[in-house]
Amino acid sequence: MSLPYGKKLLELFKHPHNVGKIKNPDAKATEGSPACGDMVTLYLKVDDKTHKIEDIKFESYGCASNIATASVITDIVKGKTIDEAKKVTWKKAADELGGLPPVKVHCSVLAVDTLRSAIRNYEESHGLIKNKVPTTRNDIIERLKHVMNPMKGLDIVKTGLLFDVIFEDGKVTVILELEESNQFASNLSNEIIEQLQTIWDVKSVEVKFNL
Amino acid sequence: MGYIYLDNITVTKPHEEVVKTITEYLTDKYALATSQFSHSMGLESKEGYDNARHIIANSIGADDENIVFTSGSTESNNLAVKGFAHANKKRGNGLITTAVSERSVLNSMKTLEKEGFDVKILPVDENGRIKLTDLENSINDSTILFSFELANHEVGTIENYKEIVELCNKKGIAVHMDASLGYLHIPIDVKSLPVDLITLTAKRIHGPLGIGALFIRNGVKIKKQMDGGFNEMNLRAGSEPVALAAGFGKAVELFDREKDVVYTGKLKDKLLNLLRERIDDISVNGDIENSMSNVLNVTFHKVEGESTALYFDMEEIEVITGSACFSKSLEPSYVLMAIYNDHERAHGSITFSFSRYNTEDEITKTADAAKRIVDKLMEISPLK
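Protein chains in written order, with the numbering used here: chain P, 359 to 569; chain H, 2 to 385.
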């Protein structure tokens with residue numbers, strides 16, 4: 359019998375490392391959503407002075423590739439500085455797993471994206487962004503590509519759910535092409551605020567619905 | 002320990018006698034069956050082939066010449082939908098089907114749409130059935146055909162087929178019923194059910210994979226889709242698959258309502274009860290009341306389907322899921338999306354399907370495994 363997965367991947371799927379939550383984490387990030395079929399939440403504990411990752415844990419609603427990749431990358435970056443951790447790519451994780459079927463790469467990318475987001479959140483909330491380039495409207499739209507449209511399983515930008523973004527004096531207003539009574543309105547609003555509130559020059563985030 | 006095979010909605014285990022029949026034909030009666038004027042061995046093959054056709058025709062109250070053998074339900078559906086549309090386009094270009102029809106029907110319709118046909122796809126309700134008023138309203142002067150499934154190939158919901166056929170008759174349009182799931186389980190008699198075309202398949206009734214049939218009512222025009230010789234009343238070219246047809250016929254003969262319907266229904270009820278006892282957050286997909294006795298499609302909420310199915314496989318229990326990660330298109334089950342429009346429900350769905358070869362002990366083991374698997378994945382899940 360040959361499932362399209364290597365031994366190591368299956369082993370980590372069965373017994374993933376670093377699973378769970380961290381109480382009072384220094385940073386946390388979630389990427390994906392149940393709607394797109396994969397979702398990862400990652401928690402970081404980082405040493406203030408050395409910026410080394412002291413502890414890292416994850417939770418996954420996802421397939422075997424996703425769970426195994428999250429297990430591998432959390433192992434790789436534990437004990438590394440956040441700068442070193444940022445350099446970890448999905449390719450490296452995939453290699454560690456003995457390769458991934460091409461069709462499964464996107465599940466694995468999500469785990470690595472979540473790590474990057476968690477580190478970015480850490481840097482932003484700890485004032486570590488060195489070149490504080492002022493955020494632009496386009497930067498915000500890029501960020502919003504990480505928020506999934508639960509009705510489509512793709513991000514809100516690609517699916518046309520995002521109607522407009524206004525960014526003035528640190529105040530972001532995100533307008534969605536959606537009724538406020540929509541069953542996902544509150545969930546989307548929370549996800550958008552979570553995505554944007556850590557940006558260093560964003561002071562407030564408001565989500566509006568135009569239908 | 003052997004596998005616990007709970008994927009009977011896809012393919013069933015061929016009965017031993019079916020395998021014996023097929024082997025007999027492949028070993029001794031292998032001559033081409035095409036001509037009744039051929040040699041003795043050819044005549045013997047033809048006799049077996051015609052006998053299989055007779056058994057299948059008889060099983061739905063049809064005449065032998067109404068049955069065309071095909072390579073399975075996909076080909077039958079292509080021949081029914083495209084063959085009918087091509088042969089009847091002078092009468093109109095309107096075709097209708099449902100959002101939960103099998104891909105071979107939906108994609109045949111898409112192809113026909115590109116050829117200029119006007120295709121309408123009807124939505125379904127929370128059980129997976131169309132509304133008769135939707136069908137009635139969507140029929141106009143140019144409509145020529147409605148195609149639907151007797152029982153849905155993923156959730157097992159049985160359609161209101163009598164009412165649908167009656168309505169199509171009243172409106173003067175042809176009706177194709179894809180019975181690739183439901184054939185024999187739901188008794189059909191074409192003498193009392195005025196349906197024009199029926200898709201049949203062997204793989205879900207313990208016959209061989211790779212053979213099916215299309216019932217074509219007398220007078221219904223179909224255009225041949227594959228060029229070649231004049232086999233199958235000049236509707237389907239190709240050398241007759243005698244051994245597979247004989248195996249199909251044998252499977253039909255061996256169908257047993259007590260074992261295949263009543264007993265599998267008990268297994269389904271047992272598994273559902275055990276799952277409900279053990280697992281809190283579970284939904285049944287499709288209609289639980291009027292559905293295939295051997296199909297149970299459920300969603301374990303907050304855990305992802307591919308991981309669940311893979312864990313079942315590691316416990317040697319074979320099931321399938323509607324999760325995107327399991328599908329070839331990386332999209333979640335379009336059937337569940339059409340019914341519920343809920344990604345999480347589709348991604349977390351698992352189909353358990355039973356046959357007479359499953360035991361009650363296997364059902365208990367499956368429920369125990371389900372509890373372990375869901376608990377384990379809930380531990381990892383960020384949604385708890």
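Virtual Cβ for every residue (Gly too), placed ideally from N, Cα, C.
Nothing here was measured: the structure is a model prediction, and the numbers come from that model.
Could you work out which residues of chain H lie near threonine 399 of chain P, taking near to mean beta carbons separated by less than 7 Å?
In chain order: Pro383.
Determine, using beta-carbon pairs with one atom in the segment 129-148 of chain H and one in the segment 209-220 of chain H, whether at least three such pairs fall under 8 Å.
With the cut-off at 8 Å, the segment 129-148 of chain H and the segment 209-220 of chain H do not touch.
Closer than 9 Å at the beta carbon, the chain H residues around threonine 388 of chain P:
The answer, in chain order, is Pro383.
What did DSSP end up calling alanine 175 of chain H once you bin it into helix, strand or coil?
strand
Which residues of the segment 366-378 of chain P have a Cβ closer than 9 Å to any Cβ of chain H? Give them in chain order.
Leu368, Phe371, Lys372, Pro374, Val377 and Gly378
Are the Cβ atoms of proline 124 of chain H and alanine 339 of chain H separated by less than 8 Å?
Yes, the pair counts as a contact, with Cβ atoms nearer than the cut-off.
Near serine 547 of chain P, which residues of its chain fall below 6 Å by C-beta distance, leaving aside the five closest residues on each side in sequence?
These residues qualify, in order along the chain: Val565.
Does lysine 303 of chain H get closer than 8 Å to chain P when you measure Cβ to Cβ?
Taking Cβ atoms only, chain P reaches closer than 8 Å to lysine 303 of chain H, which makes this a yes.
Between the segment 415-444 of chain P and chain H, which residues of the former have a C-beta closer than 7 Å to a C-beta of the latter?
Glu417, Ser418, Tyr419, Gly420, Cys421, Ala422 and Ile425
Min CB distance glycine 457 of chain P to chain H below 8 Å:
no
Could you name the residues of the segment 303-326 of chain H whose beta carbon sits closer than 9 Å to any beta carbon of chain P, in the order they occur along the chain?
Lys303, Val304, Glu305, Gly306, Glu307, Ser308, Leu311, Tyr312, Asp314, Met315, Ser324, Ala325 and Cys326
Using a Cβ distance threshold of 8 Å, determine whether the segment 100-117 of chain H contacts the segment 228-246 of chain H, with at least three qualifying pairs required.
As far as the Cβ criterion goes, the segment 100-117 of chain H does not touch the segment 228-246 of chain H, which means the pair count is below three.
Using the C-alpha atoms, what's the distance from glycine 323 of chain H back to isoleucine 425 of chain P?
Here the alpha carbon of isoleucine 425 of chain P sits roughly 19 Å from the alpha carbon of glycine 323 of chain H.
Using C-beta distances below 7 Å, list every residue in its chain close to aspartate 288 of chain H, excluding the 5 sequence neighbours before and after it, in chain order.
Asn128, Gly129 and Thr158
Can you check which of these residues, P:Leu367, P:Lys386 and P:Ser391, is closest to asparagine 545 of chain P by C-alpha distance?
P:Ser391
Contact set for isoleucine 411 of chain P: own chain, Cβ-Cβ below 7 Å, skip 5 residues either direction
Leu402, Val404, Val435, Lys436, Gly437, Lys438, Ile440 and Ala443
With a Cβ-Cβ cutoff of 8 Å, do tyrosine 273 of chain H and leucine 297 of chain H count as a contact?
With the sequence shown as reference, residue 273 of chain H is identified as leucine, and tyrosine is not the correct amino acid for it. Between leucine 273 of chain H and leucine 297 of chain H, the CB-CB gap stays under 8 Å.
Closer than 7 Å at the beta carbon, the chain H residues around alanine 393 of chain P:
His344 and Glu345
Which chain P residues sit within Cβ distance under 9 Å of glutamate 290 of chain H?
The contacting residues do not exist; glutamate 290 of chain H stays about 26 Å from chain P at best.
Using CA atoms only, rank isn't needed, just tell me which of P:Ile498, P:Asp471, P:Ile551 and P:Phe416 is closest to phenylalanine 525 of chain P.
P:Ile498
Please check if any C-beta of chain P sits within less than 8 Å of the C-beta of glutamate 380 of chain H.
It does; some Cβ of chain P falls within 8 Å.
Can you tell me which of the three DSSP states phenylalanine 355 of chain H falls into?
coil
Could you pull out every unbroken beta strand (DSSP E) segment of at least 3 residues lying fully inside the segment 517-553 of chain P, listed in chain order?
520-526 and 529-534
Check the Cβ-Cβ distances between leucine 402 of chain P and every residue of chain H, and say whether any is below 8 Å.
no
Since methionine 379 of chain H and valine 304 of chain H are thought to touch, with beta carbons under 8 Å apart, how far apart are those beta carbons, to the nearest angstrom?
6 Å
Looking only at its chain, what residues have a beta carbon closer than 7 Å to the beta carbon of tyrosine 4 of chain H, apart from the 5 residues adjacent to it on each side?
Glu317 and Glu319
Looking only at DSSP bridge pairs, what is tyrosine 417 of chain P linked to?
The sequence given here places glutamate at residue 417 of chain P; tyrosine does not occur at that position. DSSP, once it has assigned bridges, lists P:Thr399 as partnering glutamate 417 of chain P.
Step through the CB atoms of chain P and report whether any lies within less than 8 Å of the CB of proline 124 of chain H.
no
Put methionine 359 of chain P into one of helix, strand or coil per three-state DSSP.
With a pLDDT of only 46 at methionine 359 of chain P, under 50, the local geometry of the prediction cannot be trusted, and the value read off the model is given with reservation. Of the three classes helix, strand and coil, the one that applies to methionine 359 of chain P here is coil, per DSSP.
Would you report the Cα separation of glycine 95 of chain H and leucine 201 of chain H, rounded to the nearest angstrom?
24 Å
Taking glycine 456 of chain P as the reference, which of P:Cys421, P:Asn540 and P:Lys366 has the closest Cα?
P:Lys366
Check whether the Cβ of histidine 177 of chain H lies closer than 8 Å to any Cβ atom in chain P.
no
Is the Cβ-Cβ distance between phenylalanine 85 of chain H and leucine 146 of chain H less than 8 Å?
yes
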